[in-house]
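A.B. asks: Read left to right, the sequence shown gives residues 208 to 568 (the working numbering). Please find one structure pasted underneath; my questions will follow.
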Amino acid sequence: MFSVYSENFYKNTKLRKQFEKDYTRKLNYIAERAIVKKTEEATSTSSLYDFCNTKLQILIEKYPQYNLPNSFDKLLILSPKEIAKIYIEFSQNKLFHNDVVNNFSQIWRKGRKIKGKEFYKRDLLDYDFFSDTIAKHIIDNEKQELYMIKTCVYCNSAYINSYDISKGIKKQQFDLDHFIPKSACPLFALSLYNFVPSCQVCNSRIKNSKLYYEDIRNPIVLEKIFPTSKNYNYDESLKFRIIPCKKIYEKPQEEFTEFKEMQDCFTIEFEKLNSDSKYYEKESEKEKGFDILNRYNYHKKEFLSYIDKARKYPFSYFLMWANKTSLSDAKDLQEAIFNSKFRNDEKMIFQKIYNDIDSEL
């Protein structure tokens, strides 16, 4: 619902380049020391780094028109725009698709020697092999002015963070979702901007390998729905609306009470705000997206309680308070009741739906 990276991240080229440089340095260190071979019977070996570069050159020579990365380093930091372009070609050109899969499928990587065996079949770009280093890179940059989010990008209903388990050691409390799943295209398994910090429910239980964008054929559109893209604009494209349903008009006047006690009389829906809304709606839909409306309807009582509070303390109440004391006191009181500034400063769960409610009050 909110872009992964901050506005400052996109504007500050030096900051962004250092972030990318640190990432490539860490993964290169591992790739240059990992020994691989093409088949179990092969006698010649190479570093994973060199092997990957060789495979990239094979693809570049055959498909020069696709502007593929010419090195492992560049593959790691492909921009969302570049990933989108390559993926659209990958999904539409069967020959290119097969060549990518064949060149970036499984190899034999050297590991611990057990009963005379020391090479094991693994994915060439094996995320699990690098995952601890990748997670640490994300965690180590938490306090920098890089990230826009503290909650799951997809649902905004669960915190994503790390916590200290001992001195100098942190543990992650989030998953890194592959926006383009590894199973769909192995080429982007380690690409930094293909990673989306998310909660376990969205990443493992709901999304899995669902492709809610599979019918998109335009790379410009696909790039827009990358949560790591500066053009990601879910927040300005869809708006939560809590609207009365038919039951409320059938309810006798004397039975009207606080909204929070009338949950069955309200439903949560989306209002489309612009021409891009239909693409972001795919992210939230039930069939292939994250089933946002059904999940939010479970928390409806909480949101209705907030609206009840707004009915009890309308804006006119704070204007009256300002006349009696001061404008700053009135604003402090309003913040104490609604916590709007704190909620946005701290990027709390359900930030978007509360902001959307506030915009209607």
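No residue lacks a Cβ here, since even glycine has one placed at the ideal position from N, Cα and C.
#1: For the stretch 349 to 367 against the stretch 208 to 215, are there 3 or more C-beta pairs whose distance is under 8 Å?
#2: Quick check on the DSSP output: the beta strand (DSSP E) that includes residue 473 runs from which residue to which?
#3: Using the Cα positions of residue 528 and residue 515, report the straight-line distance between them to the nearest angstrom.
#4: Classify residue 323 as buried or exposed, calling it buried when 16 or more other Cβ atoms lie within 10 Å of its own Cβ.
#5: Evaluate residue 295 with the Cβ neighbour count: other Cβ atoms within 10 Å of its Cβ, from every protein chain shown; 16 or more gives buried, anything less gives exposed.
#6: What three-state label does DSSP hand residue 303 in the structure shown?
#7: Please report how far the alpha carbon of residue 346 lies from the alpha carbon of residue 370, in whole angstroms.
#8: For residue 405 versus residue 445, is the C-beta spacing smaller than 7 Å?
#9: Quick one: what's residue 403 bridged to in DSSP?
#10: What number of angstroms, rounded off, separates the C-alpha of residue 192 from the C-alpha of residue 293?
#11: So, under 8 Å CB-CB, residue 409 and residue 359 are touching, yes? Tell me the CB distance rounded to an integer number of Å.
#12: Note down, in chain order, each residue of its chain lying with its Cβ closer than 6 Å to the Cβ of residue 368, except the 5 sequence neighbours on either side.
#13: Comparing C-alpha positions only, which one of 549, 465, 490 sits nearest to residue 168?
#14: Quick one: residues in its chain with C-beta nearer than 7 Å to the C-beta of residue 525, no 5 flanking neighbours on either side, listed in chain order?
#15: Using CA atoms only, rank isn't needed, just tell me which of 265, 262, 325, 231 is closest to residue 397.
#16: For residue 438 and residue 474, which I take to be in contact (beta-carbon distance under 8 Å), what is that distance rounded to the nearest angstrom?
#17: Determine the direct distance from the alpha carbon of residue 558 to that of residue 550, and round the result to whole angstroms.
#18: Closer than 8 Å by C-beta to residue 469: which residues in its own chain qualify, once you throw out the five before and the five after it? Chain order, please.
#19: If you draw a straight line from the alpha carbon of residue 488 to that of residue 441, how long is it in whole angstroms?
#20: Applying the 10 Å Cβ sphere with the 16-neighbour rule, what's the burial state of residue 521?
#21: Hey, could you find the ends of the alpha helix (DSSP H) residue 283 is sitting in?
#22: With DSSP as the reference, please indicate the residues paired to residue 240 in a beta bridge.
#23: Out of 245, 279, 215, which has the shortest C-alpha to C-alpha gap to residue 234?
#24: Tell me the DSSP secondary structure of residue 325 in three-state form.
#25: Would you check if the distance between the CB atom of residue 497 and the CB atom of residue 362 is smaller than 7 Å?
#26: Along the chain, where does the beta strand (DSSP E) that runs through residue 448 open and close?
#27: Any idea if residue 568 is buried or exposed, counting beta-carbon neighbours within 10 angstroms, 16 or more meaning buried?
#28: Any C-beta of chain C sitting closer than 7 Å to the C-beta of residue 548?
#29: Please report how far the alpha carbon of residue 423 lies from the alpha carbon of residue 251, in whole angstroms.
#30: Quick one: what's got a C-beta closer than 8 Å to residue 553's C-beta in the same chain, skipping five residues either side?
#31: From the DSSP secondary-structure annotation, give me the bridge partner or partners of residue 313.
C.D. replies: This is what the structure holds:
#1: yes
#2: 473 to 479
#3: 20 Å
#4: exposed
#5: buried
#6: helix
#7: 9 Å
#8: no
#9: 384
#10: There is no way to answer for residue 192, as the model of the chain reaches only from 208 to 568.
#11: 6 Å
#12: 380
#13: This structure does not reach residue 168, given that the chain is present from 208 up to 568, and the question cannot be answered.
#14: 537, 540, 541
#15: 231
#16: Between residue 474 and residue 438 the Cβ distance is about 31 Å, and since that is not below 8 Å, they are no contact.
#17: 6 Å
#18: 455, 458, 463, 511
#19: 9 Å
#20: exposed
#21: 279 to 283
#22: None; residue 240 has no bridge partner.
#23: 279
#24: strand
#25: yes
#26: 445 to 451
#27: exposed
#28: The structure shown contains no chain C, having only a single protein chain.
#29: 42 Å
#30: 357
#31: 330
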